[in-house]
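Chains as they are written, first to last, in the numbering used here: chain W, 1 to 172; chain F, 1 to 585.
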Amino acid sequence: MEAAVLNNRPDGAAQTGERAGKYLTFQIGREEFAIQVLRVREIMGIQDITAVPQTPPYVKGVINLRGKVVPVVDLRLKFGLPEMEYTQRTCIIVVQVHLGASLLLMGIVVDGVSEVLNLAGADIEDTPEFGSGVVTPYILGMAKSKGKVNILLDIDQVLSSQELHGLESVMQ
Amino acid sequence: MVKTLSLRSKFAVWTSAVVIATSMGLMLSVYLVSSRALRMQADEEMDGIATKTAEQLDLWLSSRERDAVNLSELQPLVAACSDHKLADAQQTLDRIQRRSPFYENVFLADANGKLFLDSIGGKSVGIDLMSTEGLRSHVEHARQGEVWLGDVIKSPATGRPVVLLTTPVKAGGQVVGILGTPIELANFSDAFVSKQRIHGTGYLCMLDSAGTVIAHPDASKILSLNLANTDFGREILNRGNGSVSYELEGIAKTAHFRRSEIKPWTIMAVVPDKELFASVRTIQLYLLLFGALMLAGTLVTVSTLAGRVSRLIQSVVTELDTSVQQFLASSSQISSSSQALAQGSSEQAASLEETSSSAEEITALTQQNNDRSQKVGDLMNEAIPIVGALNKSFQELATGLNEMSTSSEKVAKVIKMIDEIAFQTNILALNAAVEAARAGEAGMGFAVVADEVRNLARRSADAARDTSALIEESLAKSRDGKHQLDNVLQAMEANNKIAGAVKEQTDEIRGASAEQARGIVQISTAIAQMSKVTQSTAAQAEESASAAQELSAQSHALQGIVERLTTVVNGGESGVQAAGWSHTS
Numbered sequence: 001m002e003a004a005v006l007n008n009r010p011d012g013a014a015q016t017g018e019r020a021g022k023y024l025t026f027q028i029g030r031e032e033f034a035i036q037v038l039r040v041r042e043i044m045g046i047q048d049i050t051a052v053p054q055t056p057p058y059v060k061g062v063i064n065l066r067g068k069v070v071p072v073v074d075l076r077l078k079f080g081l082p083e084m085e086y087t088q089r090t091c092i093i094v095v096q097v098h099l100g101a102s103l104l105l106m107g108i109v110v111d112g113v114s115e116v117l118n119l120a121g122a123d124i125e126d127t128p129e130f131g132s133g134v135v136t137p138y139i140l141g142m143a144k145s146k147g148k149v150n151i152l153l154d155i156d157q158v159l160s161s162q163e164l165h166g167l168e169s170v171m172q
Numbered sequence: 001m002v003k004t005l006s007l008r009s010k011f012a013v014w015t016s017a018v019v020i021a022t023s024m025g026l027m028l029s030v031y032l033v034s035s036r037a038l039r040m041q042a043d044e045e046m047d048g049i050a051t052k053t054a055e056q057l058d059l060w061l062s063s064r065e066r067d068a069v070n071l072s073e074l075q076p077l078v079a080a081c082s083d084h085k086l087a088d089a090q091q092t093l094d095r096i097q098r099r100s101p102f103y104e105n106v107f108l109a110d111a112n113g114k115l116f117l118d119s120i121g122g123k124s125v126g127i128d129l130m131s132t133e134g135l136r137s138h139v140e141h142a143r144q145g146e147v148w149l150g151d152v153i154k155s156p157a158t159g160r161p162v163v164l165l166t167t168p169v170k171a172g173g174q175v176v177g178i179l180g181t182p183i184e185l186a187n188f189s190d191a192f193v194s195k196q197r198i199h200g201t202g203y204l205c206m207l208d209s210a211g212t213v214i215a216h217p218d219a220s221k222i223l224s225l226n227l228a229n230t231d232f233g234r235e236i237l238n239r240g241n242g243s244v245s246y247e248l249e250g251i252a253k254t255a256h257f258r259r260s261e262i263k264p265w266t267i268m269a270v271v272p273d274k275e276l277f278a279s280v281r282t283i284q285l286y287l288l289l290f291g292a293l294m295l296a297g298t299l300v301t302v303s304t305l306a307g308r309v310s311r312l313i314q315s316v317v318t319e320l321d322t323s324v325q326q327f328l329a330s331s332s333q334i335s336s337s338s339q340a341l342a343q344g345s346s347e348q349a350a351s352l353e354e355t356s357s358s359a360e361e362i363t364a365l366t367q368q369n370n371d372r373s374q375k376v377g378d379l380m381n382e383a384i385p386i387v388g389a390l391n392k393s394f395q396e397l398a399t400g401l402n403e404m405s406t407s408s409e410k411v412a413k414v415i416k417m418i419d420e421i422a423f424q425t426n427i428l429a430l431n432a433a434v435e436a437a438r439a440g441e442a443g444m445g446f447a448v449v450a451d452e453v454r455n456l457a458r459r460s461a462d463a464a465r466d467t468s469a470l471i472e473e474s475l476a477k478s479r480d481g482k483h484q485l486d487n488v489l490q491a492m493e494a495n496n497k498i499a500g501a502v503k504e505q506t507d508e509i510r511g512a513s514a515e516q517a518r519g520i521v522q523i524s525t526a527i528a529q530m531s532k533v534t535q536s537t538a539a540q541a542e543e544s545a546s547a548a549q550e551l552s553a554q555s556h557a558l559q560g561i562v563e564r565l566t567t568v569v570n571g572g573e574s575g576v577q578a579a580g581w582s583h584t585s
């Protein structure tokens with residue numbers, strides 16, 4: 001395994017070289033996504049989520065993570081996919097999100113986790129242009145692996161800062 | 001052709017003859033008997049009258065004699081005769097005369113018969129009895145001391161019939177005089193004879209011993225008519241008592257006569273024969289009349305009755321004939337219908353026999369049926385436990401399958417747990433990898449371990465998955481098997497039901513067969529009875545056929561009798577007059 005260059009930069013600008021490293025792959029729907037391993041704090045199976053009122057629909061609620069209250073977001077809803085019943089494969093990945101200078105713990109509900117992939121730079125492609133008007137800041141890139149295309153997610157960009165703020169306020 | 005008398009005529013003639021004969025005989029006998037009775041009665045009556053009168057005469061005469069005797073003892077009279085004291089005696093005589101109107105005279109005569117005192121003013125004084133014709137005996141008797149009643153003489157003084165009664169007057173036992181009392185017979189005769197009427201014109205009369213009529217309703221005959229001249233008179237005088245029929249002055253009479261005791265006078269009760277037998281004649285007349293009427297009536301009645309009877313009989317005969325004809329017809333009908341009945345009965349008997357044999361066959365079949373169903377029942381009974389055992393085995397199989405299923409499910413659960421563990425292990429491995437990645441260099445070894453753990457987890461998961469798949473397959477197979485089993489069980493159940501139903505049905509069949517058998521037996525019995533009845537009916541039909549024939553024969557005989565009857569009624573004109581008769585049988 002190649003050594004991964006850890007980067008802890010606050011902004012989420014992704015570069016090819018910097019994009020290589022270990023990624024945790026997971027599925028949502030039929031798509032494989034991946035996020036940087038360094039951003040993953042913990043993986044756990046699905047558990048009861050305490051709903052919080054007056055939150056956006058993709059905000060499922062909060063969970064108790066060893067005494068810490070962590071908000072949970074359903075990426076399916078965020079991505080505009082129809083909601084699905086949680087299976088026993090459904091997992092919550094607790095990720096660290098940069099919010100300004102601080103780190104925010106957030107859980108994301110995924111349909112299933114696959115593995116930890118060591119992606120080389122050569123495997124990672126840039127996000128193709130889908131045309132004008134379509135912006136995908138949260139996609140770091142695409143990776144090919146075993147015939148499948150993994151969408152590399154920039155977790156920091158999945159939720160906008162506004163949303164994050166909102167999330168943070170929920171926490172408080 | 002000799003014409004015999006018709007019934008009517010015969011009837012009339014014979015009845016009339018008999019009636020006439022009997023009535024004639026009756027009338028004759030009645031006549032004879034009644035005439036004889038009347039005669040006898042008349043005889044008796046007349047005899048009685050004569051006798052009575054004779055007795056009365058005797059009584060009267062004896063009374064007179066007694067009177068005279070009493071008078072003769074009167075003192076003045078005795079004194080007159082013995083001492084010639086005449087004055088008192090005269091008074092006495094006069095007194096006596098006054099008191100006794102039937103004395104024509106009361107005189108005294110001396111012992112020689114010379115009258116010396118009388119009560120008629122001395123007119124008879126001086127008459128000497130000794131010298132008077134017929135009075136001599138008085139004196140003689142008087143001298144004897146006997147009272148003497150003389151014969152009837154015509155009184156010289158009055159010309160009427162008198163009878164002299166002399167009584168001796170005694171003084172001291174010696175006859176000193178004679179008291180003479182000539183009695184007017186008319187006194188007696190007027191009282192007892194002249195006025196007597198017998199049967200209208202019958203009368204009494206008296207004759208003295210010489211046959212001279214001394215009393216008679218026809219005064220002209222008194223002392224003038226002497227019947228001694230006649231034969232009958234002589235007969236009367238000879239016989240003294242009895243009856244005689246004679247003819248006098250052209251009139252036939254019958255006289256009953258009786259002689260009186262004191263004086264031999266004859267009392268005659270005379271009745272003209274015509275009058276005597278007037279009633280007999282009347283009877284005769286009535287009898288004749290009645291006889292004639294009866295004869296006429298009998299003839300008419302008998303004739304009419306006979307006619308009516310004859311007509312009645314004829315009508316009856318005609319009716320009888322009609323009835324006989326009908327009878328004949330009916331009897332022939334009866335005969336034919338009886339024969340038909342007999343025939344029908346025989347046929348019926350034959351068909352009954354057939355039916356009976358059919359019934360027997362049915363019985364046999366029913367029995368067979370019964371046996372078969374019995375067998376079926378037995379087989380079913382055998383099958384049922386087998387099926388039951390089968391059922392039980394299947395149940396056990398089902399239970400086994402269920403258990404297998406349960407076990408499989410348990411295994412599946414365990415597998416699931418393993419899978420979960422694998423999953424969790426995977427996650428753990430991932431977490432470990434993440435930590436290892438975060439650790440960088442230091443965590444490379446850990447990353448290897450994490451990888452291996454992941455591999456292991458993966459392998460576990462795979463194994464679990466495979467096992468799970470196998471389990472699934474097994475479960476699926478088991479479920480299939482269970483379904484099959486359920487199907488089989490259902491089929492078994494259905495089979496059971498069917499078997500049960502079959503058993504029920506066979507039981508019912510058996511019951512029905514038994515019933516059927518019973519019914520058949522009843523039918524057989526009924527048929528046997530019917531057969532008997534039919535046979536008896538046939539026999540009876542035969543009998544009635546023969547009876548009908550006999551009836552027919554009798555009808556013919558009856559017809560013959562009817563013809564004979566007609567002959568009798570109509571007097572021999574048989575067949576011709578009987579309109580409407582036929583000799584058909």
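In this text, a Cβ means the ideal position worked out from N, Cα and C, and glycines have one as well.
Every value quoted in this text rests on a predicted model; they were computed, and no experiment measured them.
query	result
Proximal residues to ILE509 of chain F (C-beta, below 6 Å), its chain only, five neighbours per side dropped	SER373
Residue range of the beta strand (DSSP E) that includes GLU85 of chain W	It is not in any beta strand (DSSP E) - GLU85 of chain W carries neither H nor E in the DSSP assignment.
Burial state of PHE130 of chain W (16 or more Cβ within 10 Å)	exposed
Limits of the unbroken beta strand (DSSP E) element including HIS98 of chain W	91–99
C-beta neighbour in chain W for ILE384 of chain F, strict 7 Å	no
Local conformation of ASP110 of chain F per DSSP, three classes	strand
Selection of the stretch 45–76 of chain W by Cβ proximity to chain F, strictly under 8 Å	GLY45
Rounded separation between GLN326 of chain F and SER536 of chain F - CA only	29 Å
7 Å Cβ cutoff, ASN455 of chain F in contact with chain W	no
Exposure label - LYS144 of chain W; buried when at least 16 CB within 10 Å	exposed
Any C-beta of chain W under 7 Å from that of ARG586 of chain F	Since the first and last residues shown for chain F are 1 and 585, residue 586 of chain F lies out of range.
SER209 of chain F and ALA54 of chain F closer than 7 Å at C-beta	no
Cβ shell of VAL152 of chain F (< 8 Å), same chain only, five flanking positions each side left out	PRO161, VAL162, VAL163, LEU185, ASP208, THR212, ILE214, LEU223, TRP265
Simplified DSSP state of LYS52 of chain F, which is helix, strand or coil	helix
ASN391 of chain F beta carbon near the ligand GDP (any heavy atom closer than 6 Å)	Among the components modelled here there is no ligand, and therefore nothing to report on the ligand GDP.
Separation of ARG99 of chain F from LEU93 of chain F, as counted between CA atoms	10 Å
Listed by chain order, chain F residues near GLN88 of chain W by CB distance under 9 Å	LYS416, ASP419, GLU420, PHE423
Residue-chain proximity (ILE471 of chain F, chain W), Cβ-Cβ < 7 Å	no
Interface flag, LEU38 of chain W vs chain F, CB-CB below 7 Å	yes
Counted within 10 angstroms of its Cβ, other Cβ atoms place THR282 of chain F as buried (16 or more) or exposed	exposed
Burial state of MET106 of chain W, where buried means 16 or more other Cβ atoms lie within 10 Å	buried
Proximal residues of chain W, C-beta to C-beta of ALA463 of chain F below 7 Å	Under the 7 Å cutoff, chain W gives no residues; its nearest Cβ is about 17 Å from ALA463 of chain F.
GLN505 of chain F versus VAL376 of chain F: straight-line alpha-carbon distance, rounded	10 Å
Chain-ordered neighbours of LEU390 of chain F on chain W, where CB pairs are closer than 8 Å	Correct list: empty, because the minimum Cβ distance to chain W is about 44 Å.
CA nearest to the CA of VAL106 of chain F, picked from F:ASP371, F:VAL453, F:THR181, F:ALA359	F:THR181
Span of the beta strand (DSSP E), counted from its first residue to its last, around ARG259 of chain F	251–259
Integer Cβ distance of TYR138 of chain W from LEU119 of chain W, believed to fall under 8 Å	Going by Cβ atoms, the distance from TYR138 of chain W to LEU119 of chain W rounds to 17 Å, so no, they are not a contact pair.
Where the alpha helix (DSSP H) containing ARG41 of chain W begins and where it ends	First-last for ARG41 of chain W: 40–45, but that is the beta strand (DSSP E), not the alpha helix (DSSP H).
In chain order, each beta strand (DSSP E) run of at least 3 residues that lies wholly inside the stretch 91–146 of chain F	107–110, 115–117
Contact belief for ARG39 of chain W with VAL95 of chain W at Cβ below 8 Å, rounded distance in angstroms	5 Å
Validate contact between the stretch 231–251 of chain F and the stretch 21–41 of chain F using beta carbons, cut 8 Å, 3 pairs	no
Closest by C-alpha distance to ALA157 of chain F, when choosing among F:GLU563, F:SER544, F:VAL125, F:ILE384	F:VAL125
Neighbour flag for ILE43 of chain W against chain F, beta carbons, 7 Å	yes
Chain W within 7 Å of ALA433 of chain F, Cβ atoms only	yes
Given THR136 of chain W as reference, the closest of W:ILE124, W:ASP123, W:GLN157, W:GLU125 once Cα atoms are compared	W:GLN157
Cutoff 7 Å: LEU475 of chain F Cβ touching any chain W Cβ	no
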